[in-house]
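Notes follow the structure.
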Amino acid sequence: MSEIKKIEEVNEDISWRDITPGGIAPWAGGAEAFTTGDWRTMRPVLIEDKCTGCLLCWPTCPDTSIMPTDDGKIKYDYDHCKGCGICVETDRS
Amino acid sequence: MLRQIDPDVVAAFPITPSTEVPQYFSQFVANGQVRTEFVAVESEHSAMSACIGAEAAGARTMTATSSQGLALMWEMLYIAASMRLPIVMTTVNRALSAPINIHNDHSDAMGARDSGWVQIYNENNQEAYDSLIMAIRVAEHADVQLPVMICYDGFITSHSVENIMLLEDDLVKSFVGEYKPQYSLLDKEHPVSMGMFDLPAFYFEHKRQQAEAIKNAKQVLIDVQNEFAKISGRQYGLFEEYKLDDADIAIVIANSTAGTAKDTVDMLREQGVKAGLLKIRLFRPFPADEIVKALSHVKAVAVMDKAEGFSAAGGPIFVDVRSAMYGKADGIKVINYIYGLGGRDVGVYDVKRVYDHLQTIADSGQIDNLYNYLGIRE
Chain A
17 MSEIKKIEEV
27 NEDISWRDIT
37 PGGIAPWAGG
47 AEAFTTGDWR
57 TMRPVLIEDK
67 CTGCLLCWPT
77 CPDTSIMPTD
87 DGKIKYDYDH
97 CKGCGICVET
107 DRS
Chain B
290 MLRQIDPDVV
300 AAFPITPSTE
310 VPQYFSQFVA
320 NGQVRTEFVA
330 VESEHSAMSA
340 CIGAEAAGAR
350 TMTATSSQGL
360 ALMWEMLYIA
370 ASMRLPIVMT
380 TVNRALSAPI
390 NIHNDHSDAM
400 GARDSGWVQI
410 YNENNQEAYD
420 SLIMAIRVAE
430 HADVQLPVMI
440 CYDGFITSHS
450 VENIMLLEDD
460 LVKSFVGEYK
470 PQYSLLDKEH
480 PVSMGMFDLP
490 AFYFEHKRQQ
500 AEAIKNAKQV
510 LIDVQNEFAK
520 ISGRQYGLFE
530 EYKLDDADIA
540 IVIANSTAGT
550 AKDTVDMLRE
560 QGVKAGLLKI
570 RLFRPFPADE
580 IVKALSHVKA
590 VAVMDKAEGF
600 SAAGGPIFVD
610 VRSAMYGKAD
620 GIKVINYIYG
630 LGGRDVGVYD
640 VKRVYDHLQT
650 IADSGQIDNL
660 YNYLGIRE
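Protein sequence lines, in the order shown, are assigned to chains A and B. Quick note on our numbering: the first sequence kicks off at 17 and runs consecutively. Quick note on our numbering: the second sequence kicks off at 290 and runs consecutively.
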């Protein structure tokens, strides 16, 4: 089997000889290298005045796209958010 | 043989006639004769799913099934192969429903021939035993990394009592060796994700790579068989030729009926008829060039299929053999016989009718019927 590729090497120019066998992704946190939120049709928008920083939305996000910030609130990772709306449903404020 | 291989995980669901494989094996587990984790599941779909999970986790994994069980595994068969998981399964061949029938034909395994599994067909218990031990080495080989299906006939082979030569436990253990997967989900030093989503930019490359892997299985099987011959004294090929080298007429056939047909060949040889036989062993990948070369000198060939295929253009082995010969062995008359469906008995004299038909074709140079059904009531 082929040697493990670096994540930057697996792009749309890679040959079948070099691609990872069976579609294995031998990199932890590999999603960071790919923008997967670009087909989103709705997006969550933070209303700064209302957010209490309860973080109830944070564990419910299926794409770990809610990132706590230093000021005790959150911001959204729009590169990976699919706009599913679960965080909106969870929000209490 | 499963006891001797002592796999890490066996996940299986009972179905006639493969039931005895997990049944006897679970006794070995209960007796502490193996260290295997035996997973009793609720269906064959679950059995193959559990095998996929275990193999992905880095465990050497085996299972067994037949007929409807294999059919229920269908979705997961493709996933096992595409994820490059070297699971080894005994497929005890049985007809598919409907009508329900528990007896032998090859419709189950032939339906799975495009699933990406390596398929090896076996005539008798000795060959099935030997092939299963070799299958571990073929499946796990770095150039292959694919699941392997060891096929043999339900009841005719699976429930027949015959003397076979076993290898010593230690010899089997050292031959199969320790399983060291390059990637596994339990390797916390090298975390991986498996079963990923592929967009059109990558899927095609993964399929091309998988195609290369199954192509590699042919040479790997040759090497493993040669190595196995040194420890067992039993040498296997990609297929077996029986009195074929000077034959005028020949049949191509898989599994137990090859044994019957060898008796027919012997009988015809005594009568001065130059009959021969080619027994399929490795069917996926299909050793096309080698088979064409072995048949290149005969006048007429009958390819015997124990599965209909319902293509209306011949059974599965026929289609592959004739396609392989096209442009490379033109002029040889090739016909197809469907035989023994649902366990219909096929004896020495039934096979003789095929050779008689071939002799007529060889003498006249004309094919009367391309597609034939052996012993069907017209």
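Just so you know, even glycine gets a beta-carbon here, dropped at the ideal spot from N, CA and C.
Return no unless some Cβ of chain A is closer than 8 Å to the Cβ of residue i.
i	result
F575 of chain B	no
R373 of chain B	yes
M365 of chain B	no
D512 of chain B	no
V407 of chain B	no
Y472 of chain B	yes
Between residue i and the rest of its own chain, which residues show a CB-CB distance below 6 Å, the 5 nearest in sequence each way excluded?
i	result
G664 of chain B	D639
I606 of chain B	V592 and D594
N661 of chain B	Y626
F493 of chain B	none
R642 of chain B	none
M423 of chain B	V513 and F517
T379 of chain B	V310, A353 and I439
V318 of chain B	T325 and F327
W43 of chain A	I23
A49 of chain A	I23
If I measure Cβ to Cβ from residue i and keep anything under 7 Å in the same chain, skipping five residues before and after, which residues do I get?
i	result
L475 of chain B	A346 and G347
C77 of chain A	I102 and C103
M290 of chain B	Y418, L421 and I422
S338 of chain B	M365
G88 of chain A	G69
R324 of chain B	D295
H448 of chain B	P306
D79 of chain A	H96, C97 and K98
G631 of chain B	A384, N390, H392 and D394
What residues match up with residue i in a beta bridge as DSSP calls it?
i	result
A564 of chain B	B:I538
T354 of chain B	B:T380
P84 of chain A	A:I90
N661 of chain B	B:Y626
N411 of chain B	B:Y441
V298 of chain B	B:E326 and B:T350
S482 of chain B	A:A41
L571 of chain B	B:I409
V427 of chain B	For V427 of chain B, which the question treats as bridged, DSSP gives no partner whatsoever.
F528 of chain B	B:I569
D594 of chain B	B:I627
A589 of chain B	B:I538 and B:K622
A500 of chain B	Beta-bridge pairing links A500 of chain B to no other residue.
A543 of chain B	B:I569
Check the Cβ-Cβ distances between residue i and every residue of chain B, and say whether any is below 8 Å.
i	result
G101 of chain A	no
C53 of chain A	The residue you asked about is not Cys; residue 53 of chain A is Gly in the sequence shown. With 8 Å as the cut-off, G53 of chain A does not count as an interface residue toward chain B.
P78 of chain A	no
W74 of chain A	no
E25 of chain A	no
G88 of chain A	no
E48 of chain A	no
I35 of chain A	yes
M17 of chain A	At M17 of chain A, the pLDDT of 47 sits below 50, so the modelled position is not reliable; the number obtained from the coordinates is stated separately. Chain B, which has a Cβ nearer than 8 Å to the Cβ of M17 of chain A, makes this yes.
E64 of chain A	no
G69 of chain A	no
E105 of chain A	no
I40 of chain A	yes
I82 of chain A	no
Between residue i and the ligand NAD, is the CB less than 7 Å from at least one heavy atom?
i	result
I511 of chain B	The ligand NAD is absent from the structure shown, which contains no ligands of any kind.
Taking 8 Å as the limit between beta carbons, can you name the residues of its chain near residue i, skipping five residues before and five after?
i	result
S332 of chain B	F302 and L361
R523 of chain B	Q415, D419, M454 and F517
Nearest chain D C-beta to residue i closer than 8 Å, yes or no?
i	result
T352 of chain B	In the structure shown, chain D does not exist; the protein chains are A and B.
Of all the alpha helix (DSSP H) runs that stay within the bounds of the segment 327 to 351 of chain B, which reach a length of 4 or more residues? Runs of the alpha helix (DSSP H) spanning 4 or more residues and lying entirely within the segment 327 to 351 of chain B occur at 333 to 345, in chain order.
Whole beta strand (DSSP E) runs in the segment 598 to 635 of chain B with 3 or more residues, listed along the chain? Entirely contained in the segment 598 to 635 of chain B, the beta strand (DSSP E) runs reaching 3 residues are, in chain order, 622 to 627.
Selection of the segment 479 to 504 of chain B by Cβ proximity to chain A, strictly under 7 Å: Those would be H479, P480, V481, S482, M483, M485, D487, A490, F491, E494, H495, R497 and Q498, in chain order.
Select from the segment 417 to 450 of chain B all residues with a C-beta closer than 9 Å to any C-beta belonging to chain A, and list them in chain order. Result list: A431, D432 and Q434.
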